[in-house]
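Scroll down for the structure; my scribbles are underneath it.
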Amino acid sequence: MKLYVCWGTFATPRPGGHPCGNAHRALVEAGHRPEVVKAYGLAPLPDAVFNRTRGRQEAKRLTGSSQVPVLVTDDDEVIADSANIVAWARAHPAAGARAPRRSSSGARPARRAHSSGRRVEGRAPLRPPRRPGAARPGGGPAPGAGAASPRPGPRA
Ligand SMILES: N[C@@H](CCC(=O)N[C@@H](CS)C(=O)NCC(=O)O)C(=O)O
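To convert, count from 1 in the sequence shown and add 90; that's the working numbering.
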């Protein structure tokens with residue numbers, strides 16, 4: 091899916107938040123990883139001069155307006171306006187995504203550190219250390235375990 095945004099998905103002090111940021115965050119929280127297309131320009135300015143970027147022209151072609159954010163889903167559904175995108179994201183969690191948990195008070199969960207949709211590369215998966223002699227995925231004994239090195243039994 092593609093999300094056309096203005097200059098980014100950053101937070102702004104604007105009341106209600108930054109529309110492009112709100113739309114992007116809702117999609118990521120729903121488990122999506124949208125391709126973000128920065129449209130640049132500025133919709134209130136004349137399109138012929140200021141909004142000739144690919145993103146703005148695509149937004150206009152799709153919606154009739156060069157205003158962003160605009161979402162194009164994997165099913166080629168076009169959704170304009172951040173409120174509509176947020177509603178769509180909440181109604182369409184990505185396959186395998188868990189619904190956000192809410193506390194009994196109905197409060198939203200705290201944001202997690204990696205909610206930007208960016209991949210965090212280079213981290214090894216966390217696994218508990220293997221106990222010596224424990225069953226191995228391949229079925230064989232662990233090196234150093236078994237008949238060659240029997241554990242001392244209880245003394246008679
Ligand atoms: N009601 C619209 C407002 C969209 C809006 O204000 N977009 C910002 C960009 S985040 C803007 O500055 N639009 C003018 C523009 O596209 O340059 C929405 O919530 O999506």
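No residue lacks a Cβ here, since even glycine has one placed at the ideal position from N, Cα and C. Computed from a predicted structure; not experimentally measured.
Classify residue i: buried if its beta carbon has 16 or more other beta carbons within 10 angstroms, exposed otherwise.
i, result
"E34", "As shown, the chain starts at 91 and ends at 246. That puts residue 34 outside it, with no answer to give."
"R146", "buried"
"G102", "In the sequence under discussion, the amino acid at residue 102 is Thr, which differs from the Gly named in the question. Classification of T102: exposed, given that the 10 Å Cβ count is below 16."
"L132", "exposed"
"R144", "exposed"
"A181", "exposed"
"A173", "exposed"
"R248", "Not covered by the structure: residue 248. The range shown for the chain is 91 to 246."
"R123", "exposed"
"Y115", "Looking at the sequence provided, one finds Arg at residue 115 rather than Tyr. Counting Cβ neighbours within 10 Å, R115 comes out buried, since at least 16 surround it."
"E119", "buried"
Following the continuous beta strand (DSSP E) through residue i, name the residue where it begins and the one where it ends.
i, result
"E125", "E125 to K128"
"A170", "V168 to A170"
"V261", "Here the chain covers residues 91 to 246 and nothing more, so residue 261 does not appear."
"L132", "From DSSP, L132 is part of no beta strand (DSSP E); its letter is neither H nor E."
Leaving aside the five residues before and after residue i along the sequence, list all residues of the same chain whose C-beta is less than 6 angstroms from its C-beta, in chain order.
i, result
"G121", "P183, A184 and A187"
"V117", "This sequence places Leu at residue 117; Val is not what is there. These residues qualify, in order along the chain: P124 and A179."
Assuming contact is defined by CB atoms lying nearer than 8 angstroms, are residue i and residue j in contact in what I supplied?
i, j, result
"V168", "V160", "yes"
"T99", "G111", "yes"
"A113", "V176", "yes"
"D164", "M91", "yes"
Take residue i and list the residues in its own chain whose beta-carbon comes closer than 7 angstroms to its own, dropping the five residues that flank it on each side.
i, result
"R104", "none"
"S109", "According to the sequence shown, residue 109 is Pro rather than Ser. Result list for P109: P159 and S172, in chain order."
Am I right that residue i and residue j are in contact with their C-beta atoms under 8 angstroms? What's the rounded C-beta distance?
i, j, result
"Y94", "A179", "Their Cβ separation, rounded to whole angstroms, is 15 angstroms, which puts Y94 and A179 out of contact at 8 angstroms."
Over the uninterrupted alpha helix (DSSP H) stretch that includes residue i, give me the two end residues.
i, result
"T153", "R144 to T153"
"G111", "P109 to E119"
Closer than 8 angstroms by C-beta to residue i: which residues in its own chain qualify, once you throw out the five before and the five after it? Chain order, please.
i, result
"V127", "K92, L93, Y94, V95, R144, G145 and E148"
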